[in-house]
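> In order, the protein sequence lines correspond to chains A and B.
Quick note, in the numbering used here, the first sequence goes up one by one and the last residue is 767.
Quick note, in the numbering used here, the second sequence goes up one by one and the last residue is 1516.
Here it is, the structure in full.
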Amino acid sequence: MTPEEKFQAIVDAEDKIEPTDWMPEAYRKTLIRQIAQHAHSEVIGMQPEGNWITRAPTLHRKAILMAKVQDEAGHGLYLYSAAETLGVDRDEMQELLHNGKHKYSSIFNYPTLTWADMGTIGWLVDGAAITNQVMLTRCSYGPYSRGMVRICKEESFHQRQGYESLIRLCQGSAEQKAMAQDALDRWWWPSLMMFGPHDSDSTHTEQSMQWKIKRVSNDDLRQQFVDMTVPQADYLGITIPDPGLKWNEERGHYDFGEIDWDEFWRVVKGDGPMNRERIENKTRAWEEGAWVREAASAFAAKQSKKDAA
Amino acid sequence: MTYDVPVAPGESADLEERFETGREAWPMWEVFVRARRGISHVHIGSLHAADAETALQNARDVYTRRGEGVSVWVVPSEEIHAFEPEDALDYVDANEKVYRHATAYDIPDEVGHM
């Protein structure tokens, strides 16, 4: 058996590939890029919600939001660790994000305008993330798959707290309910875009499927998400902004309208409402934190000299 | 949601992008957590830190935010010595030694549970 055949045999047997196993270079590079983009998404994802921590309506909601944002930082760290097992340095990934060579999920390039956005992000954005991440727990690369198991447990808290906060808003005053409706209007389509281009336009789905990095196609995951979410919107009593949304008895699924792909590509390419600000903030935090990293290194060096003496 | 990077029409999917930082990264540490008394520490992940003390602090923040552990070990990753599945096969092939397993022995039913 060639190393390539042996690798594919492990993958086909639903066994996991571990860091020291032989793997095709393209598998390694695809994973580095995907896991890094996933990690960056968690880290950049702290900004839209961090925006509301100081303005949360109650101490309880503020504590929840802080715990959630802290989780996102943790998720970023699990994922950077997983990427590092493939031979990429963590600082290097930061630089690649800051200089625009690496991307992150476009959903975080939309602004969070009202408090209802916090609930809606938990419900829709984390809901979409869970749909994808549950699939990724079955990914062929061991460290990525294990990271996903931990992340999925915590994402469940994220989604439930978001939905519960929307229940409160929707049972509140007319203004509160209108605020929830407005948030759904703004977040619905970007949430559907999170699943990526149509399968027919997706450049690397087939190879990723063969390597079992990806287990379910973009369109199938999107359908799963829509089917799951429509009854949840009904319960809240707010309306999904899609006149084409309709139950299709024959397919056993909801039909839904077409995504604005021009907008999708515009935001992916860097022209969303918040792209520049997100990266500016991230880069500034990195640069302003440089002295802390240097001080920690200097302190560790001094201590180890003392221990040696 | 997808984390494979969408490639815009006209853009190339450059997998080769690398960046030389010119800095030395903090060492990596492996983290082991004992979930409760009476069971072993289990490997839970890894992290970077300048020294053992900050490694432990980071381990607490990253890996035990929900009472996952009552005890945490951190070990410098470079201190881990290992053999891999292929090497193991060279000197142990447990499958050939069925006599090492309790199930290799037939005990008559009338003897009862053994």
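Built from N, CA and C at the ideal position, the CB exists for glycine as well.
Specify the secondary structure class of P569(A) as computed by DSSP and reduced to three states.
The residue labelled residue 569(A) in the question sits at position 111 within the first sequence. It is coil, neither helix nor strand.
> Which chain A residues are close to D1489(B), counting only those with a beta carbon under 9 Å from its beta carbon?
Position 87 of the second sequence, counting from 1, holds the residue named residue 1489(B). Within 9 Å Cβ-Cβ: nothing; D1489(B) doesn't reach chain A, min ~10 Å.
> Does any residue of chain B bring its CB to less than 8 Å from the CB of D718(A)?
Taking the first residue of the first sequence as position 1, residue 718(A) is located at position 260. Cβ-Cβ to chain B under 8 Å: no for D718(A).
> I want to see whether chain B comes within less than 8 Å of A758(A), judged by CB atoms only; does it?
Locating residue 758(A) in the first sequence gives position 300, where the first residue counts as 1. At least one chain B Cβ lies under 8 Å of A758(A).
> Beta-carbon separation of A531(A) and M504(A) under 8 Å?
Taking the first residue of the first sequence as position 1, residue 531(A) is located at position 73. Taking the first residue of the first sequence as position 1, residue 504(A) is located at position 46. Yes, these two residues count as a Cβ contact at 8 Å.
> Would the beta-carbon of S755(A) fall within 8 Å of that of W1428(B)?
Stepping through the first sequence from its first residue, residue 755(A) is reached at position 297. Stepping through the second sequence from its first residue, residue 1428(B) is reached at position 26. Result yes, Cβ atoms of S755(A) and W1428(B) sit closer than 8 Å.
> Whole-angstrom Cβ separation of I493(A) and L537(A), contact assumed at under 8 Å?
For the purposes of this step, residue 493(A) is taken as the residue at position 35 of the first sequence. For the purposes of this step, residue 537(A) is taken as the residue at position 79 of the first sequence. So it is a contact: roughly 6 Å between Cβ atoms.
> I'd like the span of the beta strand (DSSP E) that includes P1478(B), first residue to last.
Counting from 1 along the second sequence, the entry for residue 1478(B) is found at position 76. Start and end: S1473 to P1478.
> At a cut of 8 Å, does the stretch 581 to 592 of chain A reach the stretch 611 to 630 of chain A through at least three beta carbon pairs?
As far as the Cβ criterion goes, the stretch 581 to 592 of chain A touches the stretch 611 to 630 of chain A, which means the pair count is three or higher.
> Along chain A, which residues have their Cβ under 9 Å away from the Cβ of G1447(B)?
Start at 1 with the first residue of the second sequence, and residue 1447(B) comes out as number 45. Near G1447(B) (Cβ distances below 9 Å), the residues of chain A are L535, Y536, S539, A540, P601, R604, G605 and R608.
> Output yes or no for whether 8 Å exceeds the beta carbon distance between G1447(B) and S539(A).
Residue mapping note: residue 1447(B) aligns to position 45 of the second sequence, counting from 1. Residue mapping note: residue 539(A) aligns to position 81 of the first sequence, counting from 1. A contact, by the Cβ cut-off of 8 Å.
> Check whether chain B comes within 8 Å of D575(A), counting only Cβ atoms and requiring the distance to be less than that.
Here the question's residue 575(A) lines up with position 117 in the first sequence. D575(A) does not count as touching chain B.
> How about V1433(B) and V1474(B): do their beta carbons lie closer than 8 Å?
Numbered from its first residue, the second sequence carries residue 1433(B) at position 31. Numbered from its first residue, the second sequence carries residue 1474(B) at position 72. Cβ atoms of V1433(B) and V1474(B): closer than 8 Å.
> Could you please give the first and the last residue of the uninterrupted beta strand (DSSP E) stretch that includes D713(A)?
Counting from one through the first sequence, the residue named residue 713(A) turns up at place 255. Here the beta strand (DSSP E) through D713(A) covers H711 to D713.
> Figure out for me which residue from V1477(B), R1462(B), H1443(B) and A1437(B) has the closest Cα to the Cα of A1454(B).
On the second sequence, residue 1454(B) is found 52 positions in, with the first residue counted as 1. Measuring from the Cα of A1454(B), the nearest candidate turns out to be V1477(B).
> L1449(B) and A1437(B) look like a contact to me (Cβ under 8 Å); what is the Cβ gap, rounded to whole Å?
By 1-based counting over the second sequence, the position of residue 1449(B) is 47. By 1-based counting over the second sequence, the position of residue 1437(B) is 35. That belief does not hold up - the Cβ atoms of L1449(B) and A1437(B) are roughly 18 Å apart, past 8 Å.
> Give every residue of the same chain whose Cβ lies closer than 6 Å to the Cβ of G534(A), excluding the five residues on either side of it in the sequence, and list them in chain order.
Translated into the one-based positions of the first sequence, residue 534(A) becomes position 76. Cβ neighbours of G534(A) beyond the five flanking positions: A497, E500 and V501.
> Closest to A587(A) by CA distance: which of C628(A), T572(A) and L679(A) is it?
Stepping through the first sequence from its first residue, residue 587(A) is reached at position 129. Selected option, being the one with the closest Cα: L679(A).
> Going by C-alpha distance, which of D718(A), C597(A), E707(A) and G710(A) is nearest D700(A)?
Within the first sequence, numbered from 1, the residue matching residue 700(A) stands at position 242. Closest option to D700(A), Cα to Cα, is D718(A).
> Got a sec, what are the start and stop residues for the alpha helix (DSSP H) I625(A) sits in?
Locating residue 625(A) in the first sequence gives position 167, counting from the first residue. From DSSP, the alpha helix (DSSP H) with I625(A) extends over G600 to C628.
> Suppose the cutoff is 8 Å on Cβ atoms and the five residues either side in sequence are ignored; what does the same chain contact list for W480(A) look like?
Residue 480(A) sits at position 22 when you count from the first residue of the first sequence. Excluding residues within five positions, the ones whose Cβ falls inside 8 Å are P461, K464 and F465.
> Beta-carbon within less than 7 Å of P817(A)'s beta-carbon, same chain only, minus the 5 sequence neighbours each way: which residues are those?
Outside the shown range of chain A (459 to 767) lies residue 817(A), about which nothing can therefore be said.
> Closer than 7 Å to a non-hydrogen atom of the ligand SAM - does that hold for the CB of M524(A)?
As presented, the structure is devoid of all ligands, the ligand SAM included, so that no description of it is given.
> Please name the residues in the stretch 1494 to 1514 of chain B whose beta-carbon is closer than 7 Å to at least one beta-carbon of chain A, in chain order.
Residues: none.
> At least one CB of chain B closer than 8 Å to the CB of R548(A): is that the case?
By one-based count along the first sequence, residue 548(A) stands at place 90. With 8 Å as the cut-off, R548(A) counts as an interface residue toward chain B.
> Taking all protein chains shown into account, decide if V674(A) is buried (16 or more other Cβ within 10 angstroms of its Cβ) or exposed.
For the purposes of this step, residue 674(A) is taken as residue 216 along the first sequence, with counting starting at 1. Buried.
> If we define contact as Cβ-Cβ less than 8 Å, is T570(A) a contact residue for chain B?
Mapped onto the first sequence, residue 570(A) falls at position 112. Output row for T570(A): interface = no.
> Give the residues of chain B in contact with T687(A), contact being defined as C-beta atoms less than 7 Å apart.
For the purposes of this step, residue 687(A) is taken as residue 229 along the first sequence, with counting starting at 1. Under the 7 Å cutoff, chain B gives no residues; its nearest Cβ is about 13 Å from T687(A).
> What residue range does the alpha helix (DSSP H) around F757(A) cover?
Numbered from 1 along the first sequence, position 299 holds the residue referred to as residue 757(A). Element bounds for F757(A): A748 to A766.
> Since I believe T589(A) is in contact with F683(A) (beta carbons under 8 Å), could you give me their beta-carbon distance rounded to a whole number of angstroms?
Here the question's residue 683(A) lines up with position 225 in the first sequence. Here the question's residue 589(A) lines up with position 131 in the first sequence. Correct: roughly 5 Å between the Cβ atoms.
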